[in-house]
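Peer 1: This is the structure I have questions about; it appears just below.
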Amino acid sequence: MDPRYQHHPSPPLSPDEPSFFNIPNLSGFTAFHKVLLLGLATLFIVINLSFFRLATILSPENRKSTSQNRSAAITSHSAHLLIVLGSGGHTAEMLNILSTSLPYLQAPFNFTHRTYVVSSGDSFSAQKAHRFESSLSDNMDSDPTTATTYDVVTVHRARKVHQSLLTAPVSSLRCLWDCIRILRGSHPDLQTTKSARGCPDLILTNGPGTGVVVIIASIVLLFFGLGGDSSDNDTQATPKGAAKTSQMRSIYIESWARVQTLSLSGRLLKPLVSRFIVQWPQLVEKEGRRVEYIGPLVT
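Counting in the numbering used here, the sequence shown runs from 539 upward without gaps.
Here it is in structure tokens:
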């Protein structure tokens, strides 16, 4: 055979010679270095799993699928609506939407319980919420099966006007904790029983800063699987012994006054909410596919 075509085995690699398949020898590492490597590897895994979990929660496709399945299941059953009210025009606009335009949001729920969230010092919004519920009660049929309940809950203000940026994180954390307690049903202002209201099925906000904190609180709870039980207790739609878990869907409605650009709250919440609705068609062209226009909601 031609020597040129003969197989010549390659010499064995020296133990000190690097190879792609060589497993690093950790015998030379100190205990500190081994612990450090283990910690970095664990941190890398936790970060990747956390990113995957967060991406799953915020995925538009996942939220759309969950929304459709949830709507089909409880179209004719009870649900818990949480409304965030804000000082100034936010409250008037939100109550107007609730009284005239809620069906246009395609939210097929029978909201037998409503929770209104207001900031500390905003007695105007709290009074408006009570008056709105009083008007609903006056127009409600005497049939006891149509009876509904509501709560008005006050949370710490995330940031007061002219508040220093140095102290704003502290007040924001206090507001976040209040919002988590509301969503979990443990806030002291909640008067109705937890079994009657359940966790919110839908969170509705239109721009106040407190709304941003409420949405973040809902994502934190969903991230850790603490969504809680839904208020829909219909046994026909739920297997025996199984509890319906609230997905805490969220709808953000941009203010009617925002014609050309989104508000700061809108820009922050656009990637976080289940649905993002604007009241001017030009904003859809400018902001992209995550934005919906279904016509003006304020009448």
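Beta carbons are placed, not taken as given, at the ideal position from N, Cα and C, and that holds for glycine.
Which residues share a DSSP beta bridge with Val573?
Peer 2: Paired residues: none, contrary to the question.
Peer 1: So what does Ser657 bridge to, in DSSP terms?
Peer 2: Val693
Peer 1: Could you tell me which of Leu760, Thr799, Gln798 and Thr580 sits nearest to Val845, measuring between CA atoms?
Peer 2: Look at the range of the chain in this structure, 539 to 837, and you will see that residue 845 is not part of it.
Peer 1: Enumerate in chain order the residues of its own chain whose CB-to-CB distance from Val836 is below 6 Å, with the five nearest sequence positions on each side excluded.
Peer 2: Glu631, Asn634 and Trp794
Peer 1: What number of angstroms, rounded off, separates the C-alpha of Val822 from the C-alpha of Pro746?
Peer 2: Each residue's Cα considered, the two are about 21 Å apart.
Peer 1: Assign Phe649 to one of three DSSP states: helix, strand, or coil.
Peer 2: strand
Peer 1: For Ile757, I'd like the list of residues in its chain whose CB is within less than 7 Å of its CB, leaving aside the five on either flank, ordered along the chain.
Peer 2: If you ignore the 5 residues before and after Ile757, its C-beta comes within less than 7 Å of the C-beta of Ile595 and Leu810, all in its own chain and listed in chain order.
Peer 1: Could you give the distance in angstroms between the alpha-carbon of Leu581 and the alpha-carbon of His571?
Peer 2: 15 Å
Peer 1: Please determine, among Pro726, Ile753 and Thr748, the residue with the shortest C-alpha to C-alpha distance to Asp739.
Peer 2: Ile753
Peer 1: With DSSP run on the structure shown, which of helix, strand or coil describes Arg591?
Peer 2: If DSSP states are grouped into helix, strand and coil, Arg591 belongs with the helices.
Peer 1: In terms of DSSP beta bridges, what is Leu742 paired with?
Peer 2: Ile621 and Ile789
Peer 1: When we look at the beta-carbon of Asn483 and count the other beta-carbons within 10 Å, is it buried (16 or more) or exposed?
Peer 2: Lying outside 539 to 837, the shown extent of the chain, residue 483 is not represented and no answer is given.
Peer 1: Quick one: what's got a C-beta closer than 7 Å to Thr604's C-beta in the same chain, skipping five residues either side?
Peer 2: Legend: pLDDT at Thr604 = 48, less than 50; position of this residue unreliable, no value from coordinates given.
Peer 1: Residues in the same chain with beta-carbon distance under 8 Å from Gln820, minus the five sequence neighbours each way, listed in chain order, please.
Peer 2: Same-chain partners within the cutoff: Val797 and Gln798.
Peer 1: May I ask you to report which of helix, strand or coil DSSP gives Phe814?
Peer 2: strand
Peer 1: Give the secondary structure of Thr751 by DSSP, where H, G and I count as helix, E and B as strand, and everything else as coil.
Peer 2: The displayed chain sequence assigns Val, not Thr, to residue 751. DSSP places Val751 in helix when its eight states are reduced to three.
Peer 1: For Phe670, count the other beta carbons within 10 Å of its own beta carbon; 16 or more makes it buried, fewer makes it exposed. Which is it?
Peer 2: With at least 16 other beta carbons inside 10 angstroms of its own, Phe670 counts as buried.
Peer 1: Between which residues of its own chain and Lys808 is the CB-CB distance below 8 Å, once the five residues before and five after are set aside?
Peer 2: Tyr790, Leu800, Phe814, Glu825, Arg828 and Val829
Peer 1: So, Ile718 versus Val622, is the Cβ gap smaller than 9 Å?
Peer 2: no
Peer 1: By how many angstroms is the C-alpha of Val584 removed from the C-alpha of Leu575?
Peer 2: Rounded to whole angstroms, Leu575 and Val584 show a C-alpha spacing of 14 Å.
Peer 1: Give me the DSSP bridge partner(s) of Thr687.
Peer 2: In the DSSP output, where bridge partners are listed per residue, Thr687 has His651.
Peer 1: Quick test of your reading: Arg735 and Gly723, contact by CB under 8 Å. State the CB separation rounded to the nearest angstrom.
Peer 2: 7 Å
Peer 1: Between which two residues does the alpha helix (DSSP H) containing Val822 stretch?
Peer 2: Pro819 to Glu825
Peer 1: Taking 9 Å as the threshold (C-beta atoms), are Ile720 and Val655 in contact?
Peer 2: yes
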